[in-house]
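Numbering (this note's numbering), first residue to last: 406 to 836.
Notes follow the structure.
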């Protein structure tokens with residue numbers, strides 16, 4: 406401990422804190438001060454503000470086991486607003502500087518969000534620039550290749566090298582904690598099959614093999630250490646295999662192209678392996694999903710379902726509170742869209758979304774939701790085993806029917822710090 410303090414430059418910046426307390430003791434206390442109180446430390450002096458915002462101070466907190474995990478969320482409302490950060494230890498929300506390009510005169514939407522190398526990356530998207538003209542305000546929209554990066558230590562945004570191609574609604578995930586793989590999306594002229602990989606240590610992009618299908622609005626997760634791209638809206642091309650897409654007949658008699666296929670990236674061979682009809686439905690907009698441990702969870706229609714990582718079998722877990730989620734737009738007038746789901750602290754967090762406004766008719770607008778709920782599968786497992794143990798055994802057992810799914814024990818976390826509506830991006834960062 407003493408060696409750490411003697412060699413850490415942040416302690417010299419902080420200087421003597423209390424004359425009657427040894428510096429080593431007072432510095433140790435500062436390292437263990439909850440992260441949400443660091444704002445008060447920065448007001449002491451410029452040197453303190455600089456020290457508390459330094460990587461050396463973060464690394465010393467990390468060595469002391471004092472680093473925390475916060476949830477960063479960007480809701481749809483307020484329009485062109487900023488991310489906000491949730492501290493589960495103090496159950497409090499904290500303001501985050503606005504994302505560059507999101508303001509009253511600029512817009513940024515339909516981007517991918519991931520956390521890698523201790524930072525949050527906002528990748529690609531649709532940019533809108535609004536300017537005054539003789540006829541009033543006018544706007545221009547275009548796909549962007551820009552990548553915006555949030556550093557939670559310095560608490561500020563910066564830009565890194567742009568992608569090779571501009572992409573709207575790409576999917577992105579992180580391999581080995583170091584490589585961000587970005588796939589598909591809508592380019593400036595068509596949907597994209599291409600994929601790129603970013604090394605967070607070197608700051609370099611490189612192209613990797615293209616997917617079998619040109620996808621937009623798809624999802625990406627890492628299962629068993631492999632990047633898996635799921636479903637999405639697909640654009641046909643001449644060399645496309647029949648396994649990639651098929652025609653789905655809607656209720657009105659019209660046929661449209663959709664996909665329930667999955668593609669798995671083999672990094673060693675730089676190859677995509679196609680798994681046809683592997684997803685749970687063929688909606689062009691996949692439902693919210695998150696990986697917890699080895700299992701893949703998804704909100705399918707109104708229920709939480711899980712794919713067992715060991716067997717690959719899907720099963721129903723139970724309903725999601727206050728959500729009427731439809732994985733296909735328009736099938737339910739009360740459908741909730743834009744719900745966010747993420748694994749955080751060993752639990753699943755479900756948040757936000759927007760729902761058709763009752764009493765306003767089919768075109769009466771939508772209401773943004775602000776609630777966050779969390780669910781602990783380990784706690785649920787213990788509860789299930791206890792209930793199972795209380796069931797009668799022996800000849801009486803057939804009289805008791807075990808439900809195929811159960812009412813899950815969701816916990817209400819609260820609102821989103823003043824935000825509401827569809828979740829445009831979310832990530833977990835260590836702060």
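From the three backbone atoms N, C-alpha and C, an ideal C-beta is built for every residue, glycine too.
Residue 678 counts as exposed, since fewer than 16 other beta carbons sit within 10 angstroms of its beta carbon. Burial check for residue 674: the Cβ neighbour count within 10 Å stays below 16, so the residue is exposed. Going by beta carbons, residue 701 and residue 722 fall outside the 8 Å limit. Residue pairing from DSSP leaves residue 551 without any beta-bridge partner. With respect to residue 634, residue 668 sits close: the two C-beta atoms are nearer than 8 Å. For residue 548, the closest of 519, 595, 535, 447 by C-alpha to C-alpha distance is 595. Note on residue 761: 16 or more other CB atoms within 10 angstroms of its CB, so buried under the neighbour-count rule. Where residue 618 is concerned, there is no enclosing beta strand (DSSP E), because DSSP gives it neither an H nor an E. Annotated as distal: residue 496 and residue 473, with beta-carbon spacing of 8 Å or more. In chain order, 528, 529, 575, 576, 577, 587 place their CB closer than 7 Å to the CB of residue 517, counting only its own chain and leaving out the 5 sequence neighbours on each side. Close CB contacts of residue 544 within its chain, under the 6 Å cut and outside five residues either way in sequence, are with 533, 535 (chain order).
Judged by DSSP in its simplified three-state form, residue 442 adopts helix. The Cβ atoms of residue 481 and residue 826 sit closer than 8 Å to each other.
Looking at the backbone, the Cα of residue 830 and that of residue 775 are separated by about 15 Å. For residue 612, the enclosing beta strand (DSSP E) stretches over residues 609-613. Comparing C-alpha distances from residue 716 to each of 749, 639, 628 shows the shortest one belongs to 628.
The beta carbon of residue 832 is closer than 6 Å to those of 477, 518, 520, 525 in its chain, skipping five residues each way along the sequence. The C-alpha of residue 617 lies about 7 Å from the C-alpha of residue 598. The DSSP-derived three-state label of residue 499 is strand. Beta-bridge partners of residue 525 (DSSP): 520, 555.
Residue burial is scored here from C-beta neighbours: residue 706 has at least 16 other C-beta atoms within 10 angstroms and is therefore classed as buried.
Taken through DSSP and simplified to helix, strand or coil, residue 488 comes out as coil. Taking a C-beta distance under 8 Å as the contact criterion, residue 489 and residue 498 qualify as a contact pair.
With a threshold of 16 other beta carbon atoms within 10 Å, residue 445 falls short and is exposed. When DSSP states are grouped into helix, strand and coil, residue 447 belongs to the helix group. For the pair residue 752 and residue 746, the Cα-to-Cα distance works out to about 10 Å.
Taken through DSSP and simplified to helix, strand or coil, residue 669 comes out as strand. With a threshold of 16 other beta carbon atoms within 10 Å, residue 515 meets it and is buried. In chain order, 814 place their CB closer than 8 Å to the CB of residue 788, counting only its own chain and leaving out the 5 sequence neighbours on each side.
Excluding five sequence positions before and after residue 640, the CB atoms of its chain that fall closer than 6 Å to its own CB belong to 596, 619, given in chain order. In this structure residue 439 is exposed. Its beta-carbon is surrounded by fewer than 16 other beta-carbon atoms within 10 angstroms.
With a beta-carbon spacing of about 6 Å, residue 562 and residue 553 fall inside the 8 Å limit used to define contacts. With respect to the 8 Å criterion, residue 605 and residue 583 are classified as neighbours on the basis of their beta carbons. Secondary structure at residue 724: strand, using DSSP grouped into helix, strand and coil. The beta carbon of residue 479 sits closer than 6 Å to those of 488, 829, 830, all from its chain and outside the five residues before and after it, given in chain order. Only residues of its own chain outside the window of five on either side were considered, and among them 547, 548, 571 have a CB closer than 8 Å to the CB of residue 593, listed in chain order.
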